[in-house]
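**Q** According to the working numbering, the sequence shown holds residues 1 to 158 in order. Every residue, glycine too, gets a C-beta built ideally from N, C-alpha and C.
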Amino acid sequence: MQIDVISHLGKVLYRATREQVYEELLPHRIVLILVREGDKIFIQKRADCVKYLPGYYCTSAGGHVEAGEAPLDAAKRELKEELGLESEPEMIAEFIFDDGHYRRIFLYQITLREEMQFNDKEVAGGFFINKEELLWLPRDRLHPQLLPCVNYIWPNLL
C-alpha cells in the first residue's frame, strides 16, 4: 500500500510505503470513524493479529488514507472493510495528532442504521458505551488516538 506523505500544512509531498511511513515516522493522513447509537459510541477491540496495538480499544473504525484517496473515500472504505457498513460518514473534526509521529486526523461519525459484520482479521469485537462507561476502560489498553476523538463529541470528558 502506498500512502501520501504530507507537509505540516497538509500538502501532499510524495508517496511512500506503509513500512517507510512507520520506519521513518513520516507525516501522513488517518481517518477515524465513530459509530453512534443514541448517546453511545461503538468501541472496537482490535484483533490480536494486527501489527499496531493488537487487543487495544479504539474508535469504531479507522485507517490510513491511501495515496491519491480523499479522506471521505477512505472513511467509507474503512467502515466497509472493518464493520461491513455502507454509510455516508459526516466529518466532525480535523486535527493533528503528534506523539513524535505527525498525523493529520480526519474524524467522522455515522449513526448506526444496519447490522455490523466484523472483519475478524482486524476486529476482535466491541461494544457500545456512553461517556461515563468509557472512564472505566483500562487506560493502558486505550489506543492513544481514542480519547482525543471522543473529546469532540463529549467535551471535557477528562
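#1: Can you tell which of E23, T17, H28, R18 has its C-alpha closest to the C-alpha of F95?
#2: Along the alpha helix (DSSP H) that carries D73, what are the first and last residues, could you check?
#3: Can you tell which of L25, M116, D48 has the C-alpha that lies nearest to the C-alpha of E78?
#4: Indicate the three-state DSSP secondary structure (helix, strand or coil) for R29 in the structure shown.
#5: Would you mind sorting F127 into buried or exposed? The rule is 16 or more other CB atoms within 10 Å of its CB.
#6: Does DSSP classify Q145 as helix, strand or coil?
#7: Any contact of the region 8–25 with the region 33–46, i.e. 3+ C-beta pairs under 8 Å?
#8: Could you tell me which residues DSSP puts in a beta bridge with D4?
#9: Give me, in chain order, the residues of the same chain whose beta-carbon lies closer than 8 Å to that of T17; leave out the 5 immediate sequence neighbours on both sides.
#10: Under DSSP, the beta strand (DSSP E) around K45 begins and ends at which residues?
#11: Once the 5 residues before and after D99 are set aside, which same chain residues still bring their CB inside 8 Å of it?
#12: Name the two residues that bound the continuous beta strand (DSSP E) containing E82.
#13: State the Cα-Cα distance for the pair K131 and L142, rounded to the nearest angstrom.
#14: Would you mind sorting E70 into buried or exposed? The rule is 16 or more other CB atoms within 10 Å of its CB.
**A** Taking the structure as given:
#1: Against the sequence shown, residue 95 aligns to sequence position 95. Nearest option by C-alpha distance: H28.
#2: Taking the sequence shown and counting its residues from 1, the one referred to as residue 73 is at position 73. 71–78 is the extent of the alpha helix (DSSP H) around D73.
#3: The sequence position of residue 78 within the sequence shown is 78, counting from 1. Nearest option by C-alpha distance: M116.
#4: For the purposes of this step, residue 29 is taken as residue 29 along the sequence shown, with counting starting at 1. It is a strand residue.
#5: Walking along the sequence shown from the start, residue 127 turns up at place 127. Under this definition F127 is an exposed residue.
#6: Start at 1 with the first residue of the sequence shown, and residue 145 comes out as number 145. It is coil, neither helix nor strand.
#7: The region 8–25 vs the region 33–46: no contact.
#8: Position 4 of the sequence shown, counted from the first residue, corresponds to residue 4. Looking at the DSSP assignment, D4 forms a beta bridge with R15.
#9: For this step, residue 17 is matched to residue 17 along the sequence shown. M1, Q2, I3, listed in sequence order.
#10: Stepping through the sequence shown from its first residue, residue 45 is reached at position 45. 40–46 is the span of the beta strand (DSSP E), which, as asked, contains K45.
#11: For the purposes of this step, residue 99 is taken as the residue at position 99 of the sequence shown. P144.
#12: Position 82 of the sequence shown, counted from the first residue, corresponds to residue 82. Per DSSP, E82 is not a residue of any beta strand (DSSP E), being assigned neither H nor E.
#13: Counting from one through the sequence shown, the residue named residue 131 turns up at place 131. Counting from one through the sequence shown, the residue named residue 142 turns up at place 142. Their Cα atoms are separated by approximately 14 Å.
#14: Against the sequence shown, residue 70 aligns to sequence position 70. The amino acid occupying residue 70 in the given sequence is Ala; Glu does not appear at that position. The residue in question, A70, is exposed, as its Cβ has fewer than 16 Cβ neighbours within 10 Å.
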